[in-house]
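Chemist: Here it is: the structure, laid out below.
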Amino acid sequence: MDKILIFGNSGSGKSTLAKHLSRKSGLYHLDLDSLAWLPTTPPQRMPIEESRVQMKTFLKEQVSWVVEGCYTDLLELLIAQATEIIFMDLNVKQCLDNAKNRPWEPHKYESKEAQDANLNMLVNWIRDYYSRANTFSHQAHLRFYNSFKGKKSAYTENPTYL
Numbered sequence: 000m001d002k003i004l005i006f007g008n009s010g011s012g013k014s015t016l017a018k019h020l021s022r023k024s025g026l027y028h029l030d031l032d033s034l035a036w037l038p039t040t041p042p043q044r045m046p047i048e049e050s051r052v053q054m055k056t057f058l059k060e061q062v063s064w065v066v067e068g069c070y071t072d073l074l075e076l077l078i079a080q081a082t083e084i085i086f087m088d089l090n091v092k093q094c095l096d097n098a099k100n101r102p103w104e105p106h107k108y109e110s111k112e113a114q115d116a117n118l119n120m121l122v123n124w125i126r127d128y129y130s131r132a133n134t135f136s137h138q139a140h141l142r143f144y145n146s147f148k149g150k151k152s153a154y155t156e157n158p159t160y161l
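So the sequence shown is numbered by numbering that gives the first Met the number 0: it starts at 0 and just counts up by one.
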């Protein structure tokens, strides 16, 4: 039973890799964005306790999974069950290129136009990855990666098979 956590900067290819692994191995795919935000405008972060309750439900319902996101605080709730972690440690330029070329994500945006309207905010977010000092930072991801004692890998480029 595979239980894989994928994390890294926005635009690093987390979702693409997770979808690939999901299709290839029959794993349930969970995007942590769905457990991190309240359905409000403007978006607000869901209280961590609410996310924790949803995670417990997820773990009861799924035996094999691939979970992806940039939320180290949420990934830490799943680390004890993970059989493998993957750190998408691409540089900012690669993440920006990926973000600018990403297909429409209908589970996040009502249209491709709405997604594209958010691109400037996303570009700034990606650029701040190394200067942030919170759960979404390179520093937090690297610490999370280094602390894991099981099977792990880090990619500095998107896999060519994707």
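All residues carry an ideal CB built from backbone N, CA and C; glycine is no exception.
Please read these numbers as outputs of a predicted model, since none were measured by experiment.
Taking one C-beta from the segment 15 to 30 and one from the segment 48 to 64 each time, how about it: are there three or more such pairs within less than 8 Å?
Modeler: yes
Chemist: Determine, for E48, whether the minimum Cβ-Cβ distance to residues of chain D falls below 8 Å.
Modeler: In the displayed structure, chain D is absent; only one protein chain is listed.
Chemist: Which residue wins for smallest C-alpha separation from C94, given the options I125, T82, L73 and G68?
Modeler: I125
Chemist: Could you round the C-beta distance between G68 and D30 to whole angstroms and report it? I think they count as a contact, below 8 Å.
Modeler: 7 Å
Chemist: DSSP puts V66 in a beta bridge; with which residues?
Modeler: DSSP lists L4 and L29 as partners of V66.
Chemist: According to the neighbour-count rule (16 or more other Cβ atoms, all chains shown, within 10 Å of its Cβ), is Y70 buried or exposed?
Modeler: buried
Chemist: Output yes or no for whether 8 Å exceeds the beta carbon distance between L118 and K99.
Modeler: Taking 8 Å as the Cβ cut-off, L118 and K99 qualify as a contacting pair.
Chemist: Out of W103, K55, H106 and S14, point me to the one whose CA is closest to L73's CA.
Modeler: K55
Chemist: Classify F135 as helix, strand or coil using the three-state DSSP reduction.
Modeler: coil
Chemist: Alpha carbon to alpha carbon, what distance is there between K2 and Q114?
Modeler: 30 Å
Chemist: If we call anything under 8 Å between Cβ atoms a contact, is N97 one with G10?
Modeler: yes
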